[in-house]
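Trainee:
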Amino acid sequence: MDTVEDGAPGSATGSHCTSCGSVSCIGCRRTLDPPRFCPNCGRRLTVTVTPGGYRARCRDHGELTAG
Ligand SMILES: [Zn+2]
Ligand SMILES: [Zn+2]
12 MDTVEDGAPG SATGSHCTSC GSVSCIGCRR TLDPPRFCPN CGRRLTVTVT
62 PGGYRARCRD HGELTAG
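Using our numbering, read the sequence shown as starting at 12 and increasing by one per residue.
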């Protein structure tokens with residue numbers, strides 16, 4: 012059961028929680044935590060820790076800007 016479709020095409024930008032990937036999240040994201048899910052599609056991100064912080068990369072949307 013992993014189907015989360017709201018039937019609202021074109022309104023996916025930044026609608027997913029970057030911490031849990033849910034579209035109906037009330038805000039569990041902590042400021043210090045790196046994003047784990049793409050805000051655009053809710054897909055799990057590939058997070059790479061760098062000396063300056065981290066890089067989060069979505070398979071579909073590419074690298075996301077930190078912050
Ligand atoms: Zn969340
Ligand atoms: Zn994405």
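Don't be surprised by glycine CBs; every beta carbon is placed ideally from N, CA and C.
Would you kindly work out how many angstroms separate the C-alpha atoms of Ser33 and Leu56, rounded to a whole number?
Mentor: Reading the sequence shown from its first residue, position 22 is the one you call residue 33. Reading the sequence shown from its first residue, position 45 is the one you call residue 56. Their Cα atoms are separated by approximately 14 Å.
Trainee: Nearer than 6 Å: is that true of the beta carbon of Cys31 relative to any heavy atom of ligand 1?
Mentor: The residue labelled residue 31 in the question sits at position 20 within the sequence shown. For ligand 1, at least one heavy atom lies less than 6 Å from the Cβ of Cys31.
Trainee: Straight-line CA distance for Arg9 to Gly63?
Mentor: Because residue 9 is not part of the residues shown, which for the chain are 12 to 78, the question remains open.
Trainee: Look at the alpha carbon of Arg66 and the alpha carbon of Cys36, and state the distance between them as a whole number of angstroms.
Mentor: Translated into positions along the sequence shown, residue 66 becomes position 55. Translated into positions along the sequence shown, residue 36 becomes position 25. Approximately 23 Å between the Cα atoms of the pair.
Trainee: Give the DSSP-derived three-state secondary structure of Val34 in the structure shown.
Mentor: For the purposes of this step, residue 34 is taken as residue 23 along the sequence shown, with counting starting at 1. Val34 falls in the coil class under three-state DSSP.
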